[in-house]
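First up is the structure itself, then whatever we jot down about it.
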Amino acid sequence: MTHTNERLRWVIGNWKQNKLRFEARELAEAVAQGRASAVGAAEDRVRVGIAPTFLCLDLAVPFAPPGDALWLFAQNVGAQDFGAFTGEIGPTMLLDAGVNGAIIGHSERREHFWETDEDIERKLRCALAAGLQVVLCIGEPLEIREAEQHETFVISQLSTAFFNIPPEHITERLVLAYEPIWAIGTGKTATPAEASAMHHAIRTWMGETFGANGRDRSILYGGSVKPANAAALLAAPDIDGFLVGGASLDAASFLDIVRTAAGG
Ligand code: PEP
C-alpha cells in the first residue's frame, strides 16, 4: 500500500442510465472476477462498488455476496421507507433485495430532476436510519467555481444535508463524494490541487461538525476519472478514492483504476 492514512479507499462505478440486462450481467461478472487481483494485498483497505440501474441490480446480486468483496449500490433512493409514494424505492427495500447502498444527491439528480438540498437531507436521514451504505455527492457548477464561491457553495450543501442527521449515524456507512459538476462527463478533471483543497475544506467541516467520526470519513473524487489521471489525484492527501462514471462502463478501465487505488 502506498497510502498512509487509515481511511478506507473506495472505487465505485456509476453506470448511470446505461446497459441492457445482458450487458449489465456481463459487466458485473467481469468486475467481480477481476476485482481480487486488482485489489491484491490491499483487500482490507480498498472497497469496490458498482451502481447499475434499478432494473439490473438483481442481476448483480449473485456477484456481490454478503461480505466485503463487491459492493452493490443503487443510483438513487427514496426519502421514505414505505408508503404511498408512487414510483419510489426505499432503503429497506434495497437492503431486502441484497443491495448494500445508494448514491444520494448526484448532480444529475439535482440538475435534471430538481432534487433540492432539502430532498437530499430527507433521503440521507432515511437511508442512514435504515442501515444503508451511502455515498453522498456534493459539488459546484462552473459559474460558482469561476466566481470563486465553490467552498461556500459545497459547505452550504453539506450543512443542509446534515442538518437533521444524528451524530451516531456518522459512521463508516457514510462516504462523501466531491464531484465538481463542470468535470462530470466533460473530460475536464479538477487538478489534484483543486480537488485536494476542496476535500480538505469538506473534511474540516465534517470534523468541526461531528468530531473525529466526521473527520475520518472517506471522501471520494468524481469527474472524468480515468486510468491515466487516477494516480495523480490519489497522491493528494485528502482523496480517498473515486466515483467513476464513463470509465466504469468498461471492466478493464474500471479495474485499472481499482488497481491504482490499491497501490499497484
Ligand atoms: C459520475 O457520474 O459520478 C461521474 C463522475 O462521471 P464521469 O466519470 O463520467 O465524469
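Each residue of the sequence shown is one higher than the one before, counting from 12 in the working numbering. Note that beta-carbon positions come from the ideal geometry of N, C-alpha and C, so glycine has one too.
- Pairing L38 with P238, the inter-Cα distance amounts to about 18 angstroms.
- Here P77 is exposed: its Cβ has fewer than 16 other Cβ atoms, across all protein chains shown, within 10 Å.
- C-alpha of L68 to C-alpha of F84: approximately 8 angstroms in a straight line.
- Going by C-alpha positions, T64 is about 15 angstroms away from V255.
- Judged by their CB atoms, W82 and G116 are not nearer to each other than the 7 angstroms cut-off.
- One thing to note: S118 has its Cβ no nearer than 7 angstroms to the Cβ of G89.
- Using a 10 angstroms sphere on the CB of P191, the tally of other CB atoms reaches 16 or more, which defines it as buried.
- Listed in chain order, the alpha helix (DSSP H) runs fully inside the region 108–181 are 118–123, 128–141, 153–157, 161–172, counting runs of at least 4 residues.
- At least 7 angstroms separates the beta-carbon of A208 from that of T200.
- Every unbroken stretch of the alpha helix (DSSP H) spanning 4 or more residues and falling wholly within the region 207–265 is given here in chain order: 223–226, 238–245.
- A273 is positioned such that its CB atom lies closer than 7 angstroms to that of A53.
- DSSP places V42 in the uninterrupted alpha helix (DSSP H) bounded by 32–50.
- Between the alpha carbons of G142 and A158 lies a distance of about 38 angstroms.
- With distances taken between CA atoms, L19 lies nearest to R56 out of R56, N25, E34, Q28.
- Relative to ligand 1, the beta carbon of L260 is positioned no closer than 6 angstroms to any heavy atom.
- Between the alpha carbons of L31 and V186 lies a gap of roughly 28 angstroms.
- In the three-state scheme derived from DSSP, where H, G and I count as helix and E and B as strand, F93 is classed as coil.
- Between the C-alpha atoms of L169 and A262 there is a straight-line separation of about 32 angstroms.
- Taking 6 angstroms as the cut-off, one finds no heavy atom of ligand 1 near enough to the beta carbon of N87.
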